[in-house]
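With full-length UniProt numbering, the residue at position 198 of the sequence shown is 198, and numbering never jumps.
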Amino acid sequence: MCAGGFAKCIGITLIPLAIVCVLCNILLFFPGGLPADSNDHITDEVWYFGGILGSGLLMVFPALVFLGLKNNDCCGCCGNESCGRRFAMFTSIIFAGVGVLGAGYSFIVSAVAINRGPICFVEQGNWTYPFTDGDYLSNHTLWDQCKSPDGIVSWHLTLFSLLLVMGLVQVTLCALQIINGLFGAICGDCCGCCMDDGSA
Numbered sequence: 001m002c003a004g005g006f007a008k009c010i011g012i013t014l015i016p017l018a019i020v021c022v023l024c025n026i027l028l029f030f031p032g033g034l035p036a037d038s039n040d041h042i043t044d045e046v047w048y049f050g051g052i053l054g055s056g057l058l059m060v061f062p063a064l065v066f067l068g069l070k071n072n073d074c075c076g077c078c079g080n081e082s083c084g085r086r087f088a089m090f091t092s093i094i095f096a097g098v099g100v101l102g103a104g105y106s107f108i109v110s111a112v113a114i115n116r117g118p119i120c121f122v123e124q125g126n127w128t129y130p131f132t133d134g135d136y137l138s139n140h141t142l143w144d145q146c147k148s149p150d151g152i153v154s155w156h157l158t159l160f161s162l163l164l165v166m167g168l169v170q171v172t173l174c175a176l177q178i179i180n181g182l183f184g185a186i187c188g189d190c191c192g193c194c195m196d197d198g199s200a
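Right, here's the structure in full:
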């Protein structure tokens, strides 16, 4: 497979991942699947927009660049017909780096949110973060400390876990594109860029 074709496969994979990440982050604004009574009742890490900005919008730009590499018809510069494609592959490395940063940001925010747990209404009659250091992850009886909203712990854990996993997948795909881009920039694309009119 050509370096451009491989980049296109990565781009095709990143688009649905970015959409799912945005949807997960939006759903987190509805604790337990219900509208929040106050913005103070939404977990702080939701407001960091890890899924919307990091794994969402910042991932769209690299994905679009990767999708365009296969159809790049740059036919050279400075008398070297592979120069245009090599430069395009080099540029994809920069966008892949942006993707790594965005997905890495989402991954870190999600990991912190999972460790901290959700904000919820507790027996003492106030909204707080009742869990410390991820203790609720191994002890499900602690989940009963959250009285409201219903199912907030599983909601929080499921959506942030999805963001965590998808962020890790996006980081991996962008890292692969950095390697692919280096290969394409140094060695050139295995597919010919331009054909002479008289060539067979």
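Glycine included, every Cβ here is placed at the ideal spot set by N, Cα and C.
Note that the coordinates shown come from a computational prediction; the quantities given were computed from them, not determined experimentally.
By the Cβ rule, the segment 48 to 61 counts as touching the segment 21 to 35, because three or more pairs are nearer than 8 Å.
Assigned with DSSP and collapsed to three states, Ser148 falls in strand.
In this chain, the alpha helix (DSSP H) harbouring Asn25 covers Ala3 to Leu27. Here Asn180 is near Met89, since their CB atoms are less than 9 Å apart.
With 16 or more other Cβ atoms from the protein chains shown falling within 10 Å of its own Cβ, Glu45 counts as buried. When the Cα atoms are used, Leu67 and Gly11 turn out to be separated by approximately 5 Å. Per DSSP, Pro62 is one residue of the alpha helix (DSSP H) stretching across Leu58 to Leu69.
Just so you know, the alpha carbons of Thr141 and Phe30 end up roughly 24 Å apart. In the displayed model, Thr132 falls within coil according to three-state DSSP, outside both helix and strand.
If the five residues before and after Val98 are omitted, its C-beta is found closer than 7 Å to the C-beta atoms of Leu58, Phe61 and Pro62, all from its own chain and listed in chain order. Under the three-pair Cβ rule at 8 Å, the segment 98 to 110 counts as touching the segment 167 to 178.
Sorting Phe183, Arg86, Ile119 and Asp144 by C-alpha distance to the C-alpha of His156 places Ile119 at the top. Between Val20 and Met166, the CB-CB gap stays under 9 Å. Counting only residues of its own chain and dropping the five nearest sequence neighbours on each side, Ile15 has a CB closer than 6 Å to the CB of Ala63.
Burial check for Gly125: the Cβ neighbour count within 10 Å stays below 16, so the residue is exposed. In this structure Leu163 is buried. Its beta-carbon is surrounded by 16 or more other beta-carbon atoms within 10 angstroms.
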